[in-house]
């Protein structure tokens, strides 16, 4: 099963670009003058109140997610909401906030969640850009490797000619070019990963230590 934050809306009529996790959070975070109505409904979900259990409501959420071309089961939706609720409460305890529930915390908590969501989106974008850069660098390195092999094969075929020394120098130049490109590729990958680490919250010292280890 694809991770909740790794799938992307594939419905042609929508193409909102959101993951299952983002769609679920949007649903729970829906607010009217009556407050967070969807979360209240989930929290109070019981057959005694509205005739619907949490698993039934989870099924409705799964159907909503499916409208975006993504597949999640009722059970997985219920489990994910419980996981989010647990993590939120842990964050509340860690930072000393108080409140009645997931959607009724202090205003500062709401702002912190919004900032965290923004950082998550930026991290995903940075990760996609990093993968594009990495694939491009790998393709260029492979092309350089092929050029080197062709040059070497040609030099081997001409090894018995009077210009053997000249051909060997050509090979050496190609080797240097390959070495330079590989070094540049490694450096670019290291710096991109360092940037991604920084955006994901690693300290400056941790990032610098990672760069030093990968020189």
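Residue numbers (full-length UniProt numbering): 1 to 215.
Ideal Cβ positions, reconstructed from N, Cα and C, are used throughout, including at glycine.
Continuous alpha helix (DSSP H) stretch holding residue i: start and end
i, result
"residue 38", "37-43"
"residue 65", "54-66"
"residue 21", "20-28"
"residue 202", "Element bounds for residue 202: n/a, residue is neither H nor E."
Residue i classed as buried or exposed, judged by whether at least 16 other C-beta atoms fall within 10 angstroms
i, result
"residue 135", "exposed"
"residue 151", "buried"
"residue 22", "buried"
"residue 70", "buried"
"residue 183", "exposed"
Selection from the options that minimises the alpha carbon distance to residue i
i, options, result
"residue 17", "139, 185, 205 and 8", "8"
"residue 72", "203, 44 and 62", "62"
"residue 57", "27, 172 and 193", "27"
"residue 82", "31, 36 and 25", "25"
"residue 74", "59, 165, 139 and 5", "59"
Heavy atom of the ligand ATP within 8 Å of residue i beta-carbon
i, result
"residue 133", "Questions concerning the ligand ATP fall outside what the structure shown contains, since it holds no ligand whatsoever."
Strand pairing of residue i, partner residues [DSSP]
i, result
"residue 32", "35"
Contact with chain E by residue i, beta-carbon distance below 9 Å
i, result
"residue 215", "The structure shown has no chain E; it contains just one protein chain."
Distance CB(residue i)-CB(residue j) smaller than 9 Å
i, j, result
"residue 181", "residue 141", "yes"
"residue 34", "residue 43", "no"
"residue 139", "residue 178", "no"
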